[in-house]
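First up is the structure itself, then whatever we jot down about it.
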Amino acid sequence: MFDLLIRGGTCVTPSGRAQVDVGLSDGRIAAVGALSVADAREVFDASGLHVLPGVVDPQCHFREPGMTHKEDLGSGSASAALGGVTTFFEMPNTQPNTDSPEQLAWKVARARETAWVDFGFFLGATNENADALGEWETLEGCAGIKMFCGSSTGTLLVDKPEHQRRVLSSGRRRVACHSEDEARLKARKGLFAGRGVGFHPEWRDEDCAVLSTRSLMQLSRETGRRLHVLHVTTAGELPLLAENKALVTFEVCPQHLTLTAPDCYERLGTLAQMNPPIRDARHQAALWDAVRSGLVDVLGSDHAPHTLEEKAKEWPASPSGMPGVQTLLPLMLNHVHEGRLTLERLVDLTSAGPARVFGMLGKGRLAPGYDGDLTLVDLAAKKTITHDWSKSKCGWTPFDGLPVTGWPVATVVRGRFVMRDGALVGRPSAQPVRFAR
Ligand code: DOR
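As structure tokens, this is what we get:
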């Protein structure tokens, strides 16, 4: 007797696509196979649908505490559930910063009460807490350490190699890095004042990313510490990342695979402004090659909402970032439909990849014994992404009006539906992800 039986769908299992049923009990996957005669408290007919292991978004900014006019853990995780995401990791540049055990515990407690899908939180590295991070990185709900090597939204910054080395020397888990060179950012900011958001990728240029990533690779080799480079955007970083594959993993964002400069800045103005920036077609083609070759480890949305009023400031005073947790999967399913990657490769990037990179326990695989986290999608559904559909508190999406083929129709977290047919169901009852130490 299962609690829930997902019957008749096409499952993406570790062995590939299979026409099998999934039986869930006590929050976990109990059986995968021909279960049509099995008994269950609830049966879901998944005929015509694909059943994926739950989608993990390992880079979100949900703004709580301190900026809850843009988002909070409840609204951000609801947006995640509506987009087919079963687990999120959240970033430490809140107000106050998540840079101590107390701040981390506050977020974990708040997410237990208000989040719709399972979660982990990054602890922010600072010059002050660098030596304590090794002790803190194994606290409950901690997804790892995040180090801003170049400044972005907020005040977190560890830009000097001597302090970066301290961060890498304290602890054992993979350190997630925002890789832009702070000295170059500072030196060049004034060059473009008054010239408009189209110059965002000129200011924060390829050299800015390459300089920082090259230096991080060196530090990783010196210290033997594993790193994860967030939102990689340039062709120039890819050979460096490939050379250091034993120690270093990395992420790309759907935005960088979908939007292209200069068109995005002409169409969207500062709504297209994020760090690192959306770049031209040459960089985008290199990122796609890296997706297809297997070099890229994970996709992350870098969901970073700001209100339209905030975004209306004149560049460069306008804040960087755009929402994305709800559009990650629809955009990528559309790329699958258009033949840019296979569904299996997408699952590798959104489930198996995050589990491997961050050492998640019991997640990332549609197989017996794993958590009952499933994302059900209709690969043939034709829909249009709209501001109205996007449930982030910021109230907009850069993809408004984009027609896509492929859509999430249900989200299951530890055996319970949290989204069905585009609506939230049940209530928030999320748990912190467990990690290997
Ligand atoms: O564009 C960005 N926005 N990049 C970041 O690194 C931070 C984020 C934010 O928090 O707004």
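If you count the sequence shown from 1, position 132 lands on 124 in the working numbering, and the numbers rise without skipping.
Note that CB positions come from ideal geometry on N, CA and C, so glycine has one too.
Any non-hydrogen atom of the ligand DOR within 7 Å of residue i CB
i      : result
Ala296 : yes
His53  : yes
Asn439 : The shown model of the chain, from -7 to 429, leaves out residue 439, and the question about it has no answer.
Gly146 : yes
Gly292 : no
Pro315 : no
Ser312 : yes
Asn89  : no
His170 : yes
Asn85  : yes
Nearest neighbour of residue i, chosen from the options [CA to CA]
i       : options                           : result
Met(-7) : Ala10, Ser17, Gly8 and Gln11      : Ser17
Ser293  : Met83, Gly40 and Trp399           : Met83
Val328  : Thr262, Glu301, Thr250 and Ala309 : Thr250
Asp13   : Thr147, Pro6, Arg20 and Ser28     : Ser28
Ala73   : Gly414, Phe427, Ala22 and Gln423  : Gly414
Thr397  : His223, Cys386, Gly418 and Lys374 : Lys374
Ser285  : Ala264, Arg259, Gly190 and Leu338 : Leu338
Leu335  : Arg176, Leu325 and Ala344         : Leu325
Arg20   : Ala168, Arg9 and Gly46            : Gly46
Val43   : Gly393, Glu63 and Ala10           : Ala10
Arg195  : Gly186, Ser207, Val202 and Lys181 : The sequence shown places Trp at residue 195, rather than the Arg named in the question. Looking at the Cα atoms, Lys181 is the closest of the given residues.
Trp280  : Ser312, Leu371, Val244 and His295 : Val244
Phe427  : Val410, Asp151, Gln87 and Arg348  : Arg348
Leu291  : Asp91, Leu320 and Cys169          : Leu320
Gly116  : Ser143, Val35 and Met314          : Ser143
Trp399  : Pro268, Asp370 and Thr299         : Asp370
Pro322  : Gly351, Pro297, Ala282 and Ala372 : Ala372
Reduced DSSP category for residue i - H, G, I as helix; E, B as strand; rest coil
i      : result
Phe391 : coil
Met439 : Past the edges of the chain, shown from -7 to 429, lies residue 439, and the structure says nothing about it.
Pro50  : strand
Leu148 : coil
Asp289 : coil
Arg332 : coil
Ala10  : strand
Glu82  : strand
Thr376 : strand
Pro424 : strand
Ala483 : The displayed coordinates of the chain run from -7 to 429. Any statement about residue 483 would go beyond what the structure contains.
Ala227 : coil
Thr299 : coil
Ala32  : strand
Gly316 : coil
Thr5   : strand
Counterpart residues of residue i in DSSP-defined beta bridges
i      : result
Pro45  : Leu366
Pro400 : Val369
Ser17  : Arg20
Asp450 : There is no way to answer for residue 450, as the model of the chain reaches only from -7 to 429.
Asp110 : Thr79
Arg412 : Ala402 and Ala415
Val244 : Leu291
Met266 : Its beta-bridge partners do not exist; DSSP assigns none.
Gly25  : Asp13
### Query
Where are the alpha helix (DSSP H) runs, 4 residues long or more, that stay fully inside the stretch 169 to 225, in chain order?
Complete alpha helix (DSSP H) runs here, min 4: 174 to 181, 192 to 195 and 198 to 215.
### Complete runs of the beta strand (DSSP E) confined to the stretch 115 to 168 [at least 3 residues]
List check, beta strand (DSSP E) in window: 134 to 140.
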